[in-house]
Amino acid sequence: MRYRSLQQCVEDLQSNGHLLRIEQPMDPYLEAAAIHRRVFAAGGPALLFQQVRGCRFPMVSNLFGTMERIRFMFRGGLEAVQQLVALRSQPTEIFQRPWRYLGAPRSALSMLPVRVRRGPVLAHRTTISQLPQLHSWPGDGGPFITLPQVYSEHVAQPGWRGSNLGMYRVQLAGKSYVADQEIGLHYQIHRSIGVHHAAALRQGQPFRVNIFVGGPPAMTVAAVMPLPEGMSELTFAGALGRRRVRMMYPAGELPIHAETDFCITGVVEPDRLEPEGPFGDHLGYYSLEHPFPVLRVEKVYHRSGAIWPFTVVGRPPQEDTLLGQLIHELTGPLIPAVLPGVQAVHAVDAAGVHPLLLAIGSERYQPFLADERPQELLTQAHAILGQGQLSLAKYLMIVAGHDGRLDIQDVAGFFAHVLRRADWNRDLHFQTQTTIDTLDYSGVGLNAGSKVVMAARGPARFALATELPPNLALPDGFREPRVVLPGVLAIMGPPCPAPAWDTAAATQARLNQPAEVAAAMERFCQSFDQASSINAFRWIVIVDDSQFVSEAVRNFIWVTFTRSNPASDIYGIQSFISEKHWGCRGALVIDARSKPHHAPVLEEDPDITRRVEALATAGGPLHGII
Numbered sequence: 028m029r030y031r032s033l034q035q036c037v038e039d040l041q042s043n044g045h046l047l048r049i050e051q052p053m054d055p056y057l058e059a060a061a062i063h064r065r066v067f068a069a070g071g072p073a074l075l076f077q078q079v080r081g082c083r084f085p086m087v088s089n090l091f092g093t094m095e096r097i098r099f100m101f102r103g104g105l106e107a108v109q110q111l112v113a114l115r116s117q118p119t120e121i122f123q124r125p126w127r128y129l130g131a132p133r134s135a136l137s138m139l140p141v142r143v144r145r146g147p148v149l150a151h152r153t154t155i156s157q158l159p160q161l162h163s164w165p166g167d168g169g170p171f172i173t174l175p176q177v178y179s180e181h182v183a184q185p186g187w188r189g190s191n192l193g194m195y196r197v198q199l200a201g202k203s204y205v206a207d208q209e210i211g212l213h214y215q216i217h218r219s220i221g222v223h224h225a226a227a228l229r230q231g232q233p234f235r236v237n238i239f240v241g242g243p244p245a246m247t248v249a250a251v252m253p254l255p256e257g258m259s260e261l262t263f264a265g266a267l268g269r270r271r272v273r274m275m276y277p278a279g280e281l282p283i284h285a286e287t288d289f290c291i292t293g294v295v296e297p298d299r300l301e302p303e304g305p306f307g308d309h310l311g312y313y314s315l316e317h318p319f320p321v322l323r324v325e326k327v328y329h330r331s332g333a334i335w336p337f338t339v340v341g342r343p344p345q346e347d348t349l350l351g352q353l354i355h356e357l358t359g360p361l362i363p364a365v366l367p368g369v370q371a372v373h374a375v376d377a378a379g380v381h382p383l384l385l386a387i388g389s390e391r392y393q394p395f396l397a398d399e400r401p402q403e404l405l406t407q408a409h410a411i412l413g414q415g416q417l418s419l420a421k422y423l424m425i426v427a428g429h430d431g432r433l434d435i436q437d438v439a440g441f442f443a444h445v446l447r448r449a450d451w452n453r454d455l456h457f458q459t460q461t462t463i464d465t466l467d468y469s470g471v472g473l474n475a476g477s478k479v480v481m482a483a484r485g486p487a488r489f490a491l492a493t494e495l496p497p498n499l500a501l502p503d504g505f506r507e508p509r510v511v512l513p514g515v516l517a518i519m520g521p522p523c524p525a526p527a528w529d530t531a532a533a534t535q536a537r538l539n540q541p542a543e544v545a546a547a548m549e550r551f552c553q554s555f556d557q558a559s560s561i562n563a564f565r566w567i568v569i570v571d572d573s574q575f576v577s578e579a580v581r582n583f584i585w586v587t588f589t590r591s592n593p594a595s596d597i598y599g600i601q602s603f604i605s606e607k608h609w610g611c612r613g614a615l616v617i618d619a620r621s622k623p624h625h626a627p628v629l630e631e632d633p634d635i636t637r638r639v640e641a642l643a644t645a646g647g648p649l650h651g652i653i
């Protein structure tokens, strides 16, 4: 569907049963977000909040809440993008089967933005405080834009070809910002806006930024696509929306998307950072307050009938889970072309995407040798960790594709495949003092932590226990062992001090961790030897609540990979260091307890929960929906 505007999309969704209008007043402080979470979890429709307390603009959410709705909105566009991706990965296909690509030239033309003189977004002006003040979680440091399209250009390469359109949350108010004049601009490590910002600082030029909110939904999807550096997201939006993106070029300003609902223009103040956050984030924890750039607001435009789109993030799955699935569908076929020998990659959503990456690779170079050590797999693992946002992976498990048919989306099956083959004596490869996701607080500081590659090839060598060994004796403080998966055991460990809200306190707690936390883990591992029956489980995870972890694979994945930093939290029974290589002869042990330097877990306000549940009773707007 070639949507010209968000309004047209909303009308199309409603007329086809994909959208619910909520007419009674709703509060943007916690209530709207809680409603969104319930409706998303129920697989419900998109939501149009027609009356927003304290604001004259309606809000829409859950646009991307089901794959059915995504495919409906982009009918025709998804097929066009998939054709272009297929041609990129296998260019000779167009000569071998030209009838399959008859629409490719038209799709290519739609990728070129078109210059226009005027646009609907310039119809009206407003201020930051008159925009919807969305708070998603009780601990949020202020209202945020959660579906922004942040547009920037390279000062040495002005124009859309050198532009970046990214989705970086924007804090509209807080203790550090002058009301209606300043807003907080958060962007994570390995994002192209950072390249633009650095170039502007080097050249001593103003770093201008435009923030678009709304418009045709293809622009929102484009803003989250992990495109190669130097490729404009505007081209992708045109192909997906099957319509060229309309851009205006005001004198002395950055280009403005003519058909967006809102546009905030401004300049990032040089060398000025202010505390931004906290914010309830997509790993399921708060990202804490940290210094980030400040945007000095110049103008706030909006079109007639403007609608404010928003989403809510938190512990997966959330709406961004579906966007991640869409990204995988569109970009998955490119993996073998970009990473030779790599057959498939899966960023596991249940872990918050970046903490856990699964990959299927190849061992091709010396097939005449019977050596079962991972070799080419390690080369491919380093290539993966050097590729764009894949470089943020904290745990990378990679296996050889010729060792049996394996569904990379089946996390439990993938785990079993690895545990039956990986030798903890040799197949653990660490990277220390490196970068991890900005939102991950398991490491040693902001953006700082470690990585581990777990490589496995060859036939199955290890049996995986599915029952507790009889008379299993655990050291003092460790209790309630529970089987999670074949070969995986969860054990409740001694509690650590509670996480700290304050960033400085969390930093101090991190520095003190070895004395307070590591001793218990060392004591646990030293209680067993290589002959101990507990080694029937190849992977042991020490947690705060073993029952919760064992109830579902998604619980195990979330706890294990969001609450551990490989270099500091991986232990082993009968561990050793040989030629600076760490390994263990018995079970691998991971400390996934909540530690003092970790960020707090997201929890709803109980009063808000009760208020939203009341909306589902007979006669309420959510009756029959949640």
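Residue 653 is where the sequence shown ends in this note's numbering, and the numbering goes up by one at each step. Virtual Cβ for every residue (Gly too), placed ideally from N, Cα, C.
For P648, no beta strand (DSSP E) segment is defined, and its DSSP state is neither H nor E.
Counting along the chain, A439 sits inside the alpha helix (DSSP H) bounded by residues V438 to R448. When C-alpha distances from D39 are compared across I49, I97 and Q78, the shortest belongs to I97. Within 10 angstroms of the beta-carbon of I604 lie fewer than 16 other beta-carbons, which makes it exposed. Residue burial is scored here from C-beta neighbours: Q198 has at least 16 other C-beta atoms within 10 angstroms and is therefore classed as buried.
In this structure, L33 lies away from P508, with their beta-carbon atoms at least 8 Å apart.
Here the stretch 442-454 lies against the stretch 511-519, with 3 or more beta-carbon pairs under 8 Å apart. Secondary structure note for P244: it is in no beta strand (DSSP E), and the uninterrupted alpha helix (DSSP H) holding it is P244 to V251. Looking at the DSSP output, C611 bridges to S602.
In this structure, the CA atom of G470 is about 26 Å from the CA atom of R299. Counting only unbroken stretches of 4 or more residues, the alpha helix (DSSP H) elements lying wholly within the stretch 379-413 are 403-411, in sequence order. Spanning the alpha carbons of S554 and A500 requires a straight line of approximately 9 Å. The Cβ-Cβ distance between F171 and G241 does not fall below 8 Å.
Taking 8 Å as the cut-off, the beta carbon of L350 is found no closer than this to the beta carbon of L261. Per the coordinates, the alpha-carbon of M53 lies some 10 Å from the alpha-carbon of V639. M86 is bridged by DSSP to F76 and W335. The way I'd put it, the stretch 272-285 doesn't touch the stretch 297-317; fewer than three beta-carbon pairs between them come closer than 8 Å.
Contact between the stretch 487-505 and the stretch 572-579 is absent: fewer than three C-beta pairs spanning the two stretches fall below 8 Å. H151 sits exposed, since fewer than 16 C-beta atoms from the chains shown fall within 10 Å of its C-beta. Apart from sequence neighbours up to five positions away, the residues of its chain that approach W187 with a beta-carbon distance below 7 Å are P140, S259, L261, M274 and P282, ordered along the chain. Residue environment for P255: exposed (fewer than 16 other C-beta atoms within 10 angstroms of its C-beta). A distance below 8 Å separates the beta carbons of M28 and G103. The shortest CA-to-CA distance from Y422 to any of F588, T644 and Y178 is the one to F588. Fewer than three pairs of CB atoms, one per stretch, sit closer than 8 Å, so the stretch 263-274 makes no contact with the stretch 204-219. Buried is the label assigned to N562, since at least 16 other Cβ atoms lie within 10 Å of its Cβ.
Rounded to whole angstroms, the Cβ separation of E58 and I635 is 6 Å, and the two are in contact under 8 Å. W451 and P305 have their C-alpha atoms roughly 39 Å apart. For A374, the secondary structure class from DSSP, reduced to helix, strand or coil, is strand.
Secondary structure note for I62: it is in no beta strand (DSSP E), and the uninterrupted alpha helix (DSSP H) holding it is E58 to A68. Comparing alpha-carbon positions, the option among V426, G431 and S163 lying closest to V480 turns out to be V426. By the C-beta criterion, the stretch 593-608 is judged not to be in contact with the stretch 425-439, since fewer than 3 inter-stretch pairs fall below 8 Å.
The continuous stretches of alpha helix (DSSP H) do not include W566, which lies in the beta strand (DSSP E) extending over residues W566 to V570.
The alpha helix (DSSP H) runs of length 4 or more contained entirely in the stretch 198-278 are, from start to end of the chain, 219-230, 244-251 and 260-268. In this structure, the alpha-carbon of C552 lies about 37 Å from that of Q370. Here the stretch 328-343 makes no contact with the stretch 353-361; the two share fewer than three CB pairs at distances below 8 Å.
Residue pairing by DSSP places G307 opposite Y313 in a beta bridge.
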